[in-house]
Amino acid sequence: MTKFVPQQYWQKIHGKYPGLQAVGYVDLGEPFNFWMYRVRARHFEKIIKKFAPKKNLKILDLGSGTGFYALLFLANGYQNITGSDFSSQAIAKLKKIKGLKVKKIDLGLRQKAFPKYHLITCFDVLYHLVDDRRYHQAFENVGRMLCDNGYFLFSENPLPYGEFRSRHQVLRNQKTIYMLLEKNQLQVVSRQPVFFLMNTPVLSRNPLLKAYWFWLLLILSRLPQLGKILGPLLYPLELALGRLFSKGPSTEIIVAQKLPSDFIPKPPKF
5 MTKFVPQQYW
15 QKIHGKYPGL
25 QAVGYVDLGE
35 PFNFWMYRVR
45 ARHFEKIIKK
55 FAPKKNLKIL
65 DLGSGTGFYA
75 LLFLANGYQN
85 ITGSDFSSQA
95 IAKLKKIKGL
105 KVKKIDLGLR
115 QKAFPKYHLI
125 TCFDVLYHLV
135 DDRRYHQAFE
145 NVGRMLCDNG
155 YFLFSENPLP
165 YGEFRSRHQV
175 LRNQKTIYML
185 LEKNQLQVVS
195 RQPVFFLMNT
205 PVLSRNPLLK
215 AYWFWLLLIL
225 SRLPQLGKIL
235 GPLLYPLELA
245 LGRLFSKGPS
255 TEIIVAQKLP
265 SDFIPKPPKF
């Protein structure tokens, strides 16, 4: 098996898929990914209204990809947004977005010189850092770049048990994630489940839910245009479930606040 090189992998993905499929779930096809990102957008807008009410905040979006979240910030009236990525293909896409500052940042490498931001976002990126050293470095970078009392918004799949590793994705244990946050003076203040029916139920052991997902993935991987029908059918159900439940079987948006350097946080609760 050839060695996995992240830059080469993401260059290839961004070159092959021009739309949201490049940064979403490739096997589900572009139509279904469109509806998945509508779900993400609804949760994202709700969270930034709560934790980032001021429109003049200095904001950094890490791993911007196609610029989906940067565009949401701009559409919601935020004025000082920097998008970033380590893929030159993604950087080229980001530079086409009017009003967006763009920086090339490899989140897994130590950032030597950096400005401070009031808000840092990182969606659907961290679990693609398969090298543990790069994953740990990412949290250190965020902790150093974030202003005291600022917020870090990121998506993760915090497993309650063990971990899952594949060629280009690692799902880590909740304890590991919380320990890295605490180490870098970041304290979790909110968790919002994003998907219940439209993404892999990695946080669940329910056999019926896993069987449902197996067949949905099989169907959409062979007939991606069915996403135009299944996506709008599942979309309102996802939003309803997100309002009803504080925990879900899949991806979550986690909000962590940067604590002042002299603050001694309490041990995390699991």
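5 is the number of the first residue of the sequence shown in the working numbering; add one for each residue after it. C-beta atoms are modelled at their ideal positions from N, C-alpha and C, and glycine is treated no differently.
Fully contained in the segment 164 to 231 are the following beta strand (DSSP E) runs of length 3 or more, in chain order: 190 to 197. Annotation: Gln-115 is outside any alpha helix (DSSP H) and is labelled neither H nor E by DSSP. Beta-bridge partners assigned by DSSP to Asn-84: Lys-62. With fewer than 16 other Cβ atoms inside 10 Å of its own Cβ, Gln-83 counts as exposed. Looking at the backbone, the Cα of Asp-152 and that of Gly-87 are separated by about 21 angstroms. Comparing alpha carbon positions, the residue from Leu-150, Ile-181, Leu-157 closest to Tyr-165 is Ile-181. The C-alpha of Ala-74 lies about 21 angstroms from the C-alpha of Pro-35.
Annotation for Leu-230: Ile-223, Leu-224 place their beta carbon closer than 7 angstroms to its own, counting only its chain and skipping 5 residues before and after.
In chain order, Ile-95 place their CB closer than 6 angstroms to the CB of Lys-108, counting only its own chain and leaving out the 5 sequence neighbours on each side. Gly-33: member of the alpha helix (DSSP H) spanning 33 to 55, first to last residue. Under the criterion of beta carbons closer than 8 angstroms, Thr-255 and Asn-203 qualify as touching, at roughly 6 angstroms. Selection Pro-253, Ser-265, Ala-260, Leu-61 evaluated against Leu-163 yields Pro-253 as nearest (Cα-Cα). Separation of Phe-218 and Phe-156 (C-alpha to C-alpha, rounded to the nearest whole angstrom) is 33 angstroms. About 6 angstroms separates the CB atoms of Phe-55 and Val-259; that is less than 8 angstroms, so the two are in contact. Rounded to the nearest whole angstrom, the C-alpha separation of Ile-85 and Leu-78 is 8 angstroms. For Leu-64, the closest of Phe-158, Tyr-29, Ala-215, Lys-251 by C-alpha to C-alpha distance is Phe-158. The Cβ-Cβ distance between His-122 and Leu-61 falls below 8 angstroms. Beta-carbon to beta-carbon, Asp-135 and Gly-112 are separated by about 7 angstroms, close enough to satisfy the 8 angstroms threshold.
Going by beta carbons, Tyr-216 and Gln-173 fall outside the 8 angstroms limit. As DSSP reads the structure, Asp-128 sits in no beta bridge.
Counting along the chain, Asp-152 sits inside no alpha helix (DSSP H); it lies in the beta strand (DSSP E) bounded by residues 150 to 160.
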